[in-house]
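Q: Note that UniProt numbering gives residue 43 to position 43 of the sequence shown, counting from 1, and the numbers run on in steps of one.
Backbone N, C-alpha and C define an ideal beta-carbon position, used for all residues, glycine too.
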Amino acid sequence: MAQNSSSHVASSQKALMLEMKSLQEEPVEGFKITLVDEADLYNWEVAIFGPPNTLYEGGYFKARIRFPIDYPYSPPAFRFLTKMWHPNIYEVLATKAEAERDGVKVPTTLAEYCVRTRAPATDEGSDLFYDDYYDDEDLEDNNDEDCCYDEDDSGNEES
């Protein structure tokens with residue numbers, strides 16, 4: 001058992017070193033990735049800079065990534081430290097099994113995670129918004145009694 005565990009550690013360390021090297025040689029625009037502690041290869045800090053011409057422009061968002069000992073066979077835990085709303089992001093990203101169950105394509109490298117946060121998938125985002133919006137029973141049962149305008153086809157609104 002100890003040998004199996006040590007092979008997971010060696011494998012995950014090699015994978016993490018390759019990912020870090022790749023991100024240093026070809027950084028993803030708008031992201032800065034560092035180790036929280038130089039002695040701990042499994043705990044990374046991510047700085048995300050809001051992309052231009054978006055609602056996030058000028059924003060600075062921090063996140064932490066904690067990699068499991070058996071990475072890349074198990075996904076990392078990704079947690080935003082900065083509060084934000086984004087159609088592709090939950091406070092804690094779903095595990096691969098949860099995402100696959102829901103039919104979501106799961107990124108396989110850290111660079112893919114970074115790209116995904118910068119470019120929201122319109123269909124996924126609108127589906128999430130729709131699902132969240134209509135989960136509220138009060139909104140589903142909304143009658144037109146509260147409406148203060150009469151409807152007509154002319155485009156004019158009468159009170």
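1. Give me the residue from SER74, ILE65, PHE61, TYR73 with the minimum Cα distance to LYS83.
2. Could you spell out where the beta strand (DSSP E) holding LYS83 opens and where it closes?
3. If you run the structure through DSSP and keep just helix, strand and coil, what is GLU26?
4. Could you please give the first and the last residue of the uninterrupted beta strand (DSSP E) stretch that includes GLU57?
5. When the Cα atoms are used, what is the spatial distance from ALA10 to LEU16?
6. Are the C-beta atoms of LEU18 and some chain B residue less than 9 angstroms apart?
7. Which residue from MET20, LEU23, PRO51, GLU38 puts its Cα closest to that of GLY30?
8. Taking the straight line between their C-alpha atoms, what separation do you get for ALA47 and LYS32?
9. Out of THR54, GLY59, GLY58, PHE67, which has the shortest C-alpha to C-alpha gap to MET20?
10. Check the C-beta distance from TYR71 over to SER12 and give it rounded, since I have them as a contact under 8 angstroms.
11. Please state the DSSP three-state secondary structure of ALA77.
12. Go ahead and pull the three-state DSSP assignment for ALA39.
13. Count the other C-beta atoms from every protein chain shown that fall within 10 angstroms of the C-beta of TYR56, then say buried if there are 16 or more, exposed otherwise.
A: A quick look at the data gives this:
1. What you label residue 83 is simply residue 83 of the sequence shown in a count that begins at 1. Scanning SER74, ILE65, PHE61, TYR73 for the CA closest to the CA of LYS83 turns up PHE61.
2. Position 83 of the sequence shown, counting from 1, holds the residue named residue 83. Note, LYS83: premise wrong, no beta strand (DSSP E); not H, not E.
3. Taking the first residue of the sequence shown as position 1, residue 26 is located at position 26. DSSP places GLU26 in coil when its eight states are reduced to three.
4. The count along the sequence shown starts at 1 and reaches residue 57 at position 57. First-last for GLU57: undefined, no H or E at that position.
5. Here residue 10 refers to the residue found at position 10 of the sequence shown. Here residue 16 refers to the residue found at position 16 of the sequence shown. Whole-angstrom Cα-Cα distance: 10 angstroms.
6. Absent from the structure is chain B; it holds one protein chain and no more.
7. Within the sequence shown, numbered from 1, the residue matching residue 30 stands at position 30. Minimum Cα distance to GLY30 is reached at PRO51.
8. One-based indexing of the sequence shown puts residue 47 at position 47. One-based indexing of the sequence shown puts residue 32 at position 32. Roughly 5 angstroms separates the two Cα atoms.
9. Start at 1 with the first residue of the sequence shown, and residue 20 comes out as number 20. It is PHE67 whose Cα lies nearest to the Cα of MET20.
10. Here residue 71 refers to the residue found at position 71 when the sequence shown is read from its first residue. Here residue 12 refers to the residue found at position 12 when the sequence shown is read from its first residue. With a Cβ gap of about 4 angstroms, TYR71 and SER12 count as contacting.
11. Counted from its first residue, the sequence shown places residue 77 at position 77. Looking at ALA77 - three-state DSSP - the assignment turns out to be strand.
12. Mapped onto the sequence shown, residue 39 falls at position 39. Coil, per DSSP.
13. Translated into the one-based positions of the sequence shown, residue 56 becomes position 56. Buried, by the Cβ-count rule.
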